[in-house]
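Remarks on the structure that follows.
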Amino acid sequence: MMKDVFLKKNERIDDLQLKGLKIIQNTKGFCFGIDAVLLANFCEIKLDSTVVDLGTGTGIIPLIIYGKNEINKIYGIEIQQEVADMAERSVELNGLEENIKILNMDLRNIEEVIKVNSIDVVVSNPPYMDKGTGIINPNDKKAISRHEIRGGLEDIIEKAKRLLKHNGRFYMIHRPNRLVDILYYLRKHKLEPKTLRFIHSKMSEAPNLVLIKSIKAAKPELKIEAPLYVYNEDGEYTNEIHEIYGLDD
């Protein structure tokens, strides 16, 4: 049952069109994008799994994973206090305190709270911009969400490896221009890349995102899945995006 949750300035409640789930977002701050939705749908979650989302932001990935799977527990790790507070209130709004736990902390300290080798699935939609590249947004929430200011790519991958059980799965979305670094760090930390899927805005354009699945201590064998196209050439969502968002229901 939905609870009455206090909204702060510039906040709104959005309907996720998924089992009645809703999320609190700040119109002046960082709101979730299609990349988080695509990543959550890319994850294969077995029955009663325990999941960790590194850099959960407003908590969109835990909410979608909960709505689409029968999970045991999801931990959302978020370093920004204001954003973590929004995520926690979204959990309360949906009455999911027993299922989703938001932890306001630096992911580099996560082993103080969650045991190593204890998690079935780790997922992350990390900052895409390497530290020192691109223009830093003056809005600090957006800067931390988009740039590797508080924990870089290798930090995330190393912590995923530490948390995961043997043969646990790590799912991530990132930019194709970081793919060499991603694959290098995954192998370095014994997370074997198993599946790549490139995401294109349109069929006529180069990919601007890539979904990556890796498995801890797995044997080498990489599969490239068919591309995912977001828009048709006429600017309308493709059928697959309609299915992911449940727009045809």
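In the numbering used here, each residue carries its 1-based index in the sequence shown increased by 13.
For glycine and all other residues, C-beta sits at the position ideal for the given N, C-alpha and C.
No experiment lies behind these values; they were computed from the predicted model shown.
The beta strand (DSSP E) spanning Ile186 covers which residue range?
-> 177-187
Selection from Val65, Gly68, Ala230 that minimises the alpha carbon distance to Glu205 | Ala230
Measure the CB-CB distance between Thr71 and Gln38 and report whether it falls below 8 Å.
-> yes
Where does Lys226 land, buried or exposed, given buried means 16+ other C-beta within 10 angstroms?
-> buried
Can you tell me the Cβ-Cβ gap for Asn112 and Lys86, rounded? I've got them flagged as a contact below 8 Å.
-> 7 Å
If you follow the alpha helix (DSSP H) that Gln94 is part of, which residue opens it and which one closes it?
-> 94-106
With a cut-off of 8 Å, do at least 3 Cβ pairs link the stretch 236-250 to the stretch 19-30?
-> no
Determine the DSSP secondary structure at Asp119, reduced to helix, strand or coil.
-> coil
Proximal residues to Thr251 (C-beta, below 6 Å), its chain only, five neighbours per side dropped = Tyr242, Asn245
Would you kindly check if the distance between the Cβ of Arg188 and the Cβ of Tyr141 is under 8 Å?
-> yes
Within its chain, find whatever has a CB closer than 8 Å to the CB of Ile157; leave out the 5 residues flanking it on each side and keep chain order.
-> Confidence in Ile157 is poor, its pLDDT being 47 and thus under 50, which makes the residue's placement too unreliable to answer from.
Return the bridge partner residues of Arg25 from the DSSP annotation.
-> Gln38
Report yes or no: do the stretch 103-122 and the stretch 40-48 share at least 3 C-beta pairs separated by less than 8 Å?
-> no
Taking the C-alpha atoms as reference points, what is the distance between Leu34 and Val64?
-> 19 Å
Between the C-alpha atoms of Thr40 and Ile77, what's the straight-line distance to the nearest angstrom?
-> 20 Å
In terms of DSSP beta bridges, what is Pro206 paired with?
-> Ser227
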